[in-house]
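Have a look at the structure below before the remarks.
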Amino acid sequence: MSMRLKNHPFNKRLRTLAASLAIPFAMAAGAVLLAAPAAHAQKRVAADAAPDDLFLALRQAAASDNGALAQDLAARLSGYELNSYVDYYRLKPRVRDYSASEQEIRDFMARYDGQALVDRLRNDWLLALGKTGNWALFDEQYPKFILNDDVQVKCFALNSRALKGANVADEARALLVSPKDYGQGCSDLIATLAQNGQFTDADVWFQIRQAAENGNTTVARRASVLVDNGDVTVQQVMDKPALMLAKGPGRGAANHQLYIIALGRIAKNNPAQAATYLNDAGRQMTSQEIALGWAQIALSASYKLAPEAQDYWRKTKDATLSQDAMQWKVRMALRAGDWKTVRTTIEGMPTALRNDITWVYWLGRALKEDGQNEAARRLFESISGNFSFYGQLALEELGQKITIPPGPTPPTAGEIALYSQNAGFKRSFKFYQLNLRFEAIREWNWELRNMTDRQLLAAAEYARQSDVLDRMVNTSDRTRAEFDFTQRFPAPHLTEMNAATRPLGMENAWAYGLIRQESRFIKSARSHVGASGLMQLMPATAKFVAKKIGMTEFTADQVNDINTNLLLGTSYLSMVLNNLDGSETLATAGYNAGPGRPRTWRATLPRTVEGAIFAEIIPFNETRGYVKNVMSNATYYAAMFENRPQSLKQRMGTVAPNSNVATDLP
59 MSMRLKNHPF NKRLRTLAAS LAIPFAMAAG AVLLAAPAAH AQKRVAADAA
109 PDDLFLALRQ AAASDNGALA QDLAARLSGY ELNSYVDYYR LKPRVRDYSA
159 SEQEIRDFMA RYDGQALVDR LRNDWLLALG KTGNWALFDE QYPKFILNDD
209 VQVKCFALNS RALKGANVAD EARALLVSPK DYGQGCSDLI ATLAQNGQFT
259 DADVWFQIRQ AAENGNTTVA RRASVLVDNG DVTVQQVMDK PALMLAKGPG
309 RGAANHQLYI IALGRIAKNN PAQAATYLND AGRQMTSQEI ALGWAQIALS
359 ASYKLAPEAQ DYWRKTKDAT LSQDAMQWKV RMALRAGDWK TVRTTIEGMP
409 TALRNDITWV YWLGRALKED GQNEAARRLF ESISGNFSFY GQLALEELGQ
459 KITIPPGPTP PTAGEIALYS QNAGFKRSFK FYQLNLRFEA IREWNWELRN
509 MTDRQLLAAA EYARQSDVLD RMVNTSDRTR AEFDFTQRFP APHLTEMNAA
559 TRPLGMENAW AYGLIRQESR FIKSARSHVG ASGLMQLMPA TAKFVAKKIG
609 MTEFTADQVN DINTNLLLGT SYLSMVLNNL DGSETLATAG YNAGPGRPRT
659 WRATLPRTVE GAIFAEIIPF NETRGYVKNV MSNATYYAAM FENRPQSLKQ
709 RMGTVAPNSN VATDLP
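Under my numbering, the residues of the sequence shown are numbered 59 to 724, in order.
Next up, the structure:
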């Protein structure tokens, strides 16, 4: 690094940042850095280990950045069928520790040109180039990054342009909305924009507050060195917010911003206590600062579905909100039936968020409530062709019911046979055999990128014939004009399903809708928390249900048997349904999050709400999406099984605040 660059004010600020984080200045400033590989303990792998076991050990060594072990294992896998991955895992740790040469990386890319792994390695390399500030190579490689799905790489790309004098502030504001994805690249971008004047102090404090909302101390701390920190540090406020609140906001904008962050931290556990602090300190703060304080409190109150949340949101006025906060402001307004706030908040969202199908639908509903029927109709029409929860609801708002579109001309045997020779699909199947679903999906999806509808339908049929139904569903879901719902919504094991559901009086459509979301019909699917089989049963739940229904000979290893899994899964689903007043909406939420949670959530309702509103205000992101997807799936399955139009609104029903039914279900 030249002395001129080393003494530049921007790099002086970065030296302060580096010191605060205990990282090398060269790394913080983007200097070219060749770090020594980290020392790792060698783990012995048996000399006679099978190739697949060696490969799995190699993958783990690469994931742990154990370059020495990766080199050793790769040398023992000469001729392995996943040879490109052997080379990738051999190289990856050395890319990450900056010891791989440019030529080695280019050689790999040339050797495996066209494979998904080349784009994966380019992703790794771009991160390394961004972290070391090698902008010439970064700018050469970035346009070749096909998927371009890494937020940190996008931040590095904007940083490269900003360092060359481009104004990227608006693009940065649109990108910097999820601190959990930031990494060094986005922190560096914030620092660059703060230094060159493209970000104001208000922009930086927004990023600090947003990081604090997400509990990302590292991002908040990195950004805090770019502004006046007041009397205490962001770290101190995030660690011990009560001390800051006890002192009061004090004087100066920085102290007031720290006080706002402290309010948010306290509100995570006790929104009412935070509100008391803000009411007491309000006279010392500006109206804008007070509104920001209420936004912090309102967001935490919303996560808890607290009755006061809507009142807190009203006090936020025109405060600048994070995207998460905007969405929760709408959700709480939906719960309260405050359609005016629903409309104004959605209309104030950034374009990309406002165009999300969720908010297009609810804006249409708000306009309809306001009597603006033509404007509402245009919004519903814009999304009614989307085969999803809100697309279905929009269709019903237009006076139509949910039906199955006409099927296409089936692909020919010749069209299907082409894919048996597809190298990416072969790698995908091998990864499925190794139970490495992430890599299997990546390889398969890479091959789909530029396919026409006819090709997608043929590839989906090939997946069906190969008994990889999750890839059939995923592939068929991508068609744009030709739709085969037998591929999108398969119903395998129908005889076994009937045997399980008929004694329970349960609808097959709902059970299949749940399986499509839970396991995508992978019989041996196992989640990260240990749920197994088509209906993703937890071991304790399976044991509980087996006992309840009199399966005295049940053992844990039976859970993946199709008959047993369907019997136990549908029995449990029926128990949850009966325990939650016969509401499929509540029972679906209970199957995912536990039956006690939807009971707690409904108890917070100020009024009876339509099922779609209840689904949208579920405070768990996973469960919220799960309920919408399962109920949407079930509606299509019912249309297929019954061969008649369906109503998702009717299926969702309404959810009332109170229920006297207790539960002893796991």
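Beta carbons: idealized from backbone N, C-alpha and C, even for Gly.
{"Asked": "Quick one: residues in its chain with C-beta nearer than 6 Å to the C-beta of threonine 275, no 5 flanking neighbours on either side, listed in chain order?", "Found": "Met296"}
{"Asked": "If we ignore side chains and look at the alpha-carbon of each, how far apart do asparagine 287 and alanine 583 end up?", "Found": "49 Å"}
{"Asked": "Please report the distance separating the alpha-carbon of asparagine 701 from that of leucine 638.", "Found": "29 Å"}
{"Asked": "Using the three-state DSSP reduction, which class does alanine 87 fall into: helix, strand or coil?", "Found": "Low confidence applies here, because alanine 87 scores a pLDDT of 34, under 50, leaving its location unreliable and the question unanswered by this model."}
{"Asked": "Return yes when the Cβ of tyrosine 200 is within less than 8 Å of the Cβ of leucine 184, no when it is not.", "Found": "yes"}
{"Asked": "In the structure shown, what three-state DSSP assignment does isoleucine 460 receive?", "Found": "strand"}
{"Asked": "State the CB to CB distance for the pair glutamine 293 and glycine 322, rounded to an integer number of angstroms; the pair is presumed to be in contact (CB under 8 Å).", "Found": "The pair is not a contact, with the Cβ atoms about 15 Å apart (cut-off 8 Å)."}
{"Asked": "Have a look at leucine 492 and glutamate 576 and give me their C-alpha separation to the nearest angstrom.", "Found": "21 Å"}
{"Asked": "Suppose the cutoff is 6 Å on Cβ atoms and the five residues either side in sequence are ignored; what does the same chain contact list for isoleucine 462 look like?", "Found": "Phe543, Ala697 and Met698"}
{"Asked": "Buried or exposed: where does aspartate 130 fall if 16 or more other Cβ atoms within 10 Å of its Cβ makes it buried?", "Found": "buried"}
{"Asked": "Which same chain residues end up closer than 8 Å to aspartate 145 when comparing Cβ atoms and leaving out the 5 residues on each side of it in sequence?", "Found": "Ala132, Phe166, Arg169 and Tyr170"}
{"Asked": "So, are the CB atoms of glutamine 450 and serine 157 less than 8 Å apart?", "Found": "no"}
{"Asked": "Quick check: lysine 189 and glutamine 242, are their CB atoms within less than 8 Å of each other?", "Found": "yes"}
{"Asked": "So methionine 555 is in the alpha helix (DSSP H); what residue range does that whole segment cover?", "Found": "552 to 559"}
{"Asked": "Could you please give me the residues that DSSP links to glutamine 704 through a beta bridge?", "Found": "Ile460"}
{"Asked": "Taking the runs of the beta strand (DSSP E) that are 3 residues or longer, which of them lie wholly in the segment 329 to 388?", "Found": "none"}
{"Asked": "Using a Cβ-Cβ cutoff of less than 6 Å, which residues in the same chain neighbour glutamine 708 once the five nearest sequence positions on both sides are dropped?", "Found": "none"}
{"Asked": "Let me know if histidine 586 comes out buried or exposed under the rule of 16 or more other beta-carbons within 10 Å of its beta-carbon.", "Found": "exposed"}
{"Asked": "Kindly give me the distance between the Cβ atoms of valine 685 and threonine 646, rounded to whole angstroms, as I take these residues to be in contact under 8 Å.", "Found": "5 Å"}
{"Asked": "Is the beta carbon of asparagine 650 closer than 8 Å to that of threonine 599?", "Found": "no"}
{"Asked": "Which residues bound the alpha helix (DSSP H) around isoleucine 319?", "Found": "311 to 325"}
{"Asked": "Name the one or two DSSP bridge partners that valine 713 has.", "Found": "Val667"}
{"Asked": "Let me know the secondary structure DSSP gives serine 585 once reduced to three states.", "Found": "coil"}
{"Asked": "Round the Cβ separation of serine 380 and glutamine 210 to the nearest angstrom and send it over; I've been treating them as touching at under 8 Å.", "Found": "Contact doesn't hold; Cβ gap of about 19 Å is too wide."}
{"Asked": "Measuring CB to CB, does asparagine 444 end up less than 8 Å from isoleucine 404?", "Found": "no"}
{"Asked": "Check whether the Cβ atoms of glutamine 256 and alanine 227 lie closer than 8 Å to each other.", "Found": "yes"}
{"Asked": "Express the C-alpha separation of proline 299 and isoleucine 163 in angstroms, rounding to a whole number.", "Found": "47 Å"}
{"Asked": "Give me the residue from Val153, Arg309 and Ser245 with the minimum Cα distance to alanine 278.", "Found": "Ser245"}
{"Asked": "Which of the three DSSP states is assigned to leucine 216 in this structure?", "Found": "helix"}
{"Asked": "Curious, which full-length alpha helix (DSSP H) runs of at least 4 residues does the segment 133 to 200 contain?", "Found": "141 to 154, 160 to 169, 174 to 190 and 193 to 199"}
{"Asked": "Please report the straight-line C-alpha distance between aspartate 535 and proline 329, rounded to a whole angstrom.", "Found": "42 Å"}
{"Asked": "Whose C-beta lies closer than 6 Å to the C-beta of glutamate 668 among residues of the same chain, with five residues either side of it excluded?", "Found": "Thr712"}
{"Asked": "Report yes if the C-beta distance between glutamate 505 and phenylalanine 487 is below 8 Å; otherwise report no.", "Found": "no"}
{"Asked": "Among the candidates Leu234, Leu216 and Thr537, whose CA atom is the shortest distance from the CA of alanine 410?", "Found": "Leu234"}
{"Asked": "Among Tyr570, Gly422, Arg231 and Asp110, whose alpha-carbon lies nearest the alpha-carbon of arginine 436?", "Found": "Gly422"}
{"Asked": "Where does asparagine 716 land, buried or exposed, given buried means 16+ other C-beta within 10 angstroms?", "Found": "exposed"}
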